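Working notes, structure below.
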Amino acid sequence: MRILLDENLDWRLERDLPGHEVGSVALIGWAGIENGILLERAQEKFDVLITMDSNMVRELDIQKLKLVVIVLRAPSNRLADTRPLMAKVLTHLSTLKSGSVTVISG
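In short: position in the sequence shown from 1, add 343, done, that's our numbering.
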């Protein structure tokens with residue numbers, strides 16, 4: 344799968360998603376883009392967006408997208424707090440459908 348890490352996540356999480364093509368909002372130059380535009384762009388090149396921004400889900404109609412959104416719930420967005428959630432992300436990836444939102448917490 345093609346996975347995009349939102350700008351609020353450390354790009355080094357890609358190391359914890361083996362077997363997948365992983366990009367980062369910050370590294371591809373999309374940092375600071377409004378959520379709606381980000382989702383439109385993301386669905387063109389990625390299958391999954393992983394974020395900690397739960398507001399994105401409330402503000403936008405995710406069901407209309409050709410994209411899965413995974414919202415991480417962790418004490419902070421530090422790598423030490425989000426890295427342990429990647430095993431759960433990997434477990435859920437094969438069961439998710441476009442236009443869906445999944446919340447993963449530790």
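Positions of the beta carbon are idealized from the N, C-alpha and C atoms, including for glycine. Treat the numbers as computed from the prediction; the structure is a model and nothing was measured.
For Ile-447, list the residues DSSP reports as bridge partners.
According to DSSP, Ile-447 bridges with Leu-415.
Return the chain-ordered ranges of every beta strand (DSSP E) run that is complete within the stretch 354 to 399 and spans a minimum of 3 residues.
Listed in chain order, the complete beta strand (DSSP E) runs (minimum 3 residues) inside the stretch 354 to 399 are 364 to 367, 391 to 394.
Rank Ile-380, Ser-441, Ala-417, Leu-439 by C-alpha distance to the C-alpha of Ser-448 and give the top, closest one.
Measuring from the Cα of Ser-448, the nearest candidate turns out to be Ala-417.
DSSP three-state call for Leu-408: helix, strand or coil?
If DSSP states are grouped into helix, strand and coil, Leu-408 belongs with coil.
Going straight from the alpha carbon of Met-399 to that of Asp-359, what length do you get?
Near 24 Å, if we compare the C-alpha coordinates of Asp-359 and Met-399.
Helix, strand or coil for Arg-345, going by three-state DSSP, please let me know.
Here Arg-345 sits in strand by DSSP.
Under 8 Å, with one C-beta from each stretch per pair, do the stretch 399 to 409 and the stretch 417 to 436 reach the 3-pair mark?
At 8 Å Cβ cutoff, the stretches do not touch.
Roughly how many angstroms lie between the CA atoms of Ile-371 and Ala-385, to the nearest whole one?
So the alpha carbons of these two residues sit roughly 11 Å apart.
Once the 5 residues before and after Ala-374 are set aside, which same chain residues still bring their CB inside 8 Å of it?
Only Glu-350, Val-368 meet the Cβ criterion.
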